[in-house]
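Take a look at the structure below.
Quick look at the structure:
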């Protein structure tokens, strides 16, 4: 895998553009996890208001399967990131923004793991084991406990709200970098995208 | 002699215990539970309310008889949503069929402390013959009867229409029971 590949492209009226891109694996995992989180969030929001029906049972199972998948992919992402340092921020980035980005990214990782785990604990406390794809039964993290189940509903909800808030900031920052700062921060995570001139 | 005085009493007790007698069911130590699968997820439930009339003969268990009546409205499916749903028409239709009833017709020794119980199970106006093994164990001054059997819910119309889809809720429900019968007494009833 070619780390921090230099993407050099030329056009008639532009000087060559160098983008310090993330690795292909990091980019693929980022967008896959983003898509799954968005899907899981929408499904989760939709399913809780359904009346009990076979459809509801199916949707709940799918939601849990996506959650387990997100958890596993985020674990892979973390392992990959520890071995492949992300490209350094653009030289012009102020110190406080570097710190903010570092804290923000760390918090995103924590929440991407904490949200599925809180769902898993909730499911265990509710007396519903998680059976990944209807095949692999995961161990129960806690024994059935009605009070804990009710508490975990709130915790899962709150963690999701926190993740949603962070994702909004994350997306807003990416847009600001691309359209206002016109640096390569967004481009390094998007194949074939060049910074705006 | 003390023996002379208690001998007639002893004889009376022995004579009385020869035929099957109605035992007292210790409900605190008795349990009827089940495991069902939804989306292949095993979920535990139970029937906390039931009455058991067991005419139990410890000397020859095969002459014993059992009648168990389950109060379906008391069902615990493991979730509040489920408890509400299964009382409705498509499931147990508790309003029209409040009880499930099992009546034994024969008990056959299988060797050791194992017996095969044959009987009729009636749920939701339908009845089916049932056969399952039961283990008898002395316990807390009585006899503990333990057993399990698979119940095919669709045979009784438990979960009709959209709920008859066995991909979502499996047809087979594992039923487990544990009934502790203690000494001779009036037949046991409500908890």
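Protein chains in written order, with our numbering: chain G, 555 to 751; chain Z, 154 to 344.
Note that beta-carbon positions come from the ideal geometry of N, C-alpha and C, so glycine has one too.
Given the structure is predicted, the values throughout are model-derived calculations rather than measurements.
| Check | Outcome |
| --- | --- |
| With 16 other Cβ atoms within 10 Å as the buried cut-off, status of residue 342 of chain Z | Caution is warranted here: a pLDDT of 36 is assigned to residue 342 of chain Z, below 50, making its placement in the model unreliable, and the coordinate value is therefore given only provisionally. Exposed, since its Cβ has fewer than 16 Cβ neighbours within 10 Å. |
| Selection of the region 601–624 of chain G by Cβ proximity to chain Z, strictly under 7 angstroms | 606, 607, 608, 611, 612 and 615 |
| Minimum Cβ-Cβ distance from residue 164 of chain Z to chain G less than 7 angstroms | Residue placement at residue 164 of chain Z is flagged as unreliable, the pLDDT there being 49, under the threshold of 50; the coordinate-derived value follows with that caveat. False, the Cβ-Cβ gap to chain G never drops below 7 angstroms. |
| Beta-carbon neighbours of residue 234 of chain Z, restricted to chain G and to distances below 8 angstroms | 606 |
| Contact residues within the region 662–681 of chain G, judged by C-beta distance below 7 angstroms to chain Z | 680 and 681 |
| C-beta atoms of residue 217 of chain Z and residue 185 of chain Z nearer than 7 angstroms | no |
| Residues that residue 192 of chain Z contacts on chain G, provided the C-beta gap is smaller than 8 angstroms | 611, 612, 614, 615, 685 and 688 |
| Per-residue DSSP class, three states only, for residue 623 of chain G | helix |
| 7 angstroms Cβ cutoff, residue 321 of chain Z in contact with chain G | yes |
| Residue environment, residue 244 of chain Z, which counts as buried when at least 16 other CB atoms sit within 10 Å | buried |
| Boundaries of the beta strand (DSSP E) in which residue 298 of chain Z is found, first to last residue | 295–305 |
| Neighbour flag for residue 556 of chain G against chain Z, beta carbons, 7 angstroms | Here the model assigns residue 556 of chain G a pLDDT of 45, short of 50, so the residue's position is not dependable, and the following value carries that caveat. No, because no Cβ of chain Z sits closer than 7 angstroms to the Cβ of residue 556 of chain G. |
| CB contact flag (residue 579 of chain G, residue 634 of chain G, <7 angstroms) | yes |
| Buried versus exposed, by CB contacts within 10 Å (16 or more), residue 641 of chain G | buried |
| Delimiting residues of the beta strand (DSSP E) encompassing residue 209 of chain Z | 203–209 |
| Neighbourhood of residue 709 of chain G by C-beta distance below 7 angstroms, restricted to the same chain and skipping five residues each side | 672 |
| Contact set between residue 231 of chain Z and chain G, taken where Cβ atoms lie within less than 7 angstroms | 681 |
| Pair within 7 angstroms by beta-carbon distance, residue 295 of chain Z and residue 335 of chain Z | yes |
| Neighbouring residues, chain G, relative to residue 214 of chain Z (Cβ below 7 angstroms) | Going along chain G, no residue has its Cβ under 7 angstroms from residue 214 of chain Z, so there is no contact; the nearest lies around 35 angstroms. |
| Pairwise C-alpha distance: residue 181 of chain Z and residue 666 of chain G | 45 angstroms |
| Element boundaries [alpha helix (DSSP H), containing residue 588 of chain G] | 578–601 |
| C-alpha gap between residue 610 of chain G and residue 654 of chain G, whole angstroms | 40 angstroms |
| Chain G within 7 angstroms of residue 238 of chain Z, Cβ atoms only | yes |
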